[in-house]
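In the working numbering, the protein residues as written are 42 to 269.
Ideal Cβ placement from N, Cα and C applies to all residues, glycine included.
Take a look at the structure below.
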């Protein structure tokens with residue numbers, strides 16, 4: 042895919058906002074329907090949630106403030122047209138919204154990984170929204186922003202990260218109650234070192250769950266290494 046900076050006679054046509062960036066790197070997408078594909082990751086700093094099994098606690102703080110135009114230029118420099126904006130919780134930064142739009146304007150295939158605790162209604166319609174529904178064992182089930190469910194479309198994906206049988210039963214109940222499989226593709230993942238992957242796979246097969254089973258490909262390749 043060709044990616045082109047949004048420029049004109051006066052230079053880049055991008056808002057003057059800045060973002061707190063934790064890291065920008067090129068890797069293989071480890072999750073979702075894009076798993077295995079070359080992807081540029083833009084990880085924003087900060088998250089209002091504290092899931093007990095979080096594997097990116099380093100993104101809660103740190104990083105550096107960078108102008109939006111500089112972030113877009115850094116993404117385009119990789120020469121890869123697929124980009125994932127993640128965190129932390131990227132939507133906790135107001136400038137995430139213009140960043141997503143700027144990346145779309147530059148010709149990128151853009152996905153957003155969000156906790157589901159914040160409103161996704163203002164996200165650029167060209168972005169694929171990968172939304173978590175936090176299960177009880179996360180400790181943050183009360184933070185789910187349920188109006189997001191009504192906004193999901195076929196280009197979005199809904200993810201359940203599950204730590205035990207109670208989480209799985211809860212997820213199945215949400216799928217049935219909200220007819221989630223009729224809204225967008227569904228994903229189910231086991232929490233590393235908490236739920237045995239074959240056990241979750243067996244439950245899904247036995248119950249004919251209309252969801253994609255997934256493991257985190259990047260962890261299988263590199264462990265929990267930063268920048269991978």
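Contact check, residue i vs residue j, beta carbons under 8 angstroms
i, j, result
"residue 203", "residue 231", "yes"
"residue 119", "residue 151", "no"
"residue 161", "residue 140", "no"
"residue 169", "residue 210", "no"
"residue 227", "residue 188", "no"
"residue 86", "residue 129", "yes"
"residue 159", "residue 186", "yes"
"residue 123", "residue 149", "yes"
"residue 135", "residue 113", "no"
"residue 79", "residue 109", "no"
"residue 67", "residue 126", "no"
"residue 175", "residue 184", "yes"
"residue 267", "residue 64", "yes"
"residue 88", "residue 181", "no"
"residue 229", "residue 221", "no"
"residue 165", "residue 142", "yes"
Residue i, DSSP secondary structure in three states
i, result
"residue 226", "coil"
"residue 135", "coil"
"residue 237", "coil"
"residue 218", "helix"
"residue 168", "coil"
"residue 198", "strand"
"residue 184", "helix"
"residue 179", "helix"
"residue 75", "coil"
"residue 246", "helix"
"residue 193", "coil"
"residue 146", "helix"
"residue 253", "strand"
"residue 159", "coil"
"residue 174", "coil"
"residue 267", "coil"
Environment of residue i [buried if 16+ CB atoms lie within 10 Å]
i, result
"residue 132", "buried"
"residue 70", "buried"
"residue 90", "buried"
"residue 155", "buried"
"residue 103", "exposed"
"residue 216", "buried"
"residue 144", "buried"
8 angstroms Cβ shell around residue i - same chain, five flanking residues per side excluded
i, result
"residue 235", "94, 178, 204, 205"
Own chain residues within Cβ distance below 6 angstroms of residue i, not counting five before or after
i, result
"residue 73", "171, 198"
"residue 272", "Since the first residue shown for the chain is 42 and the last is 269, residue 272 is missing from the structure and cannot be characterised."
"residue 57", "none"
"residue 116", "81, 124"
"residue 83", "65, 126"
Close Cβ partners of residue i (< 7 angstroms) along its chain, the five nearest in sequence each way excluded
i, result
"residue 45", "Low local confidence applies: a pLDDT of 44 at residue 45 is under 50, so the model's placement there is unreliable, with the coordinate-based value given in what follows. For residue 45, where only same-chain residues beyond five positions count, the Cβ hits under 7 angstroms are 147, 148."
"residue 271", "Missing from the structure shown is residue 271; the chain here goes from 42 to 269 and no further."
The ligand ATP heavy atom lying under 7 angstroms from the CB of residue i
i, result
"residue 213", "This structure lacks the ligand ATP; in fact it carries no ligand of any kind."
Alpha helix (DSSP H) runs wholly inside the region 78–144, at least 4 long, in chain order = 109–117
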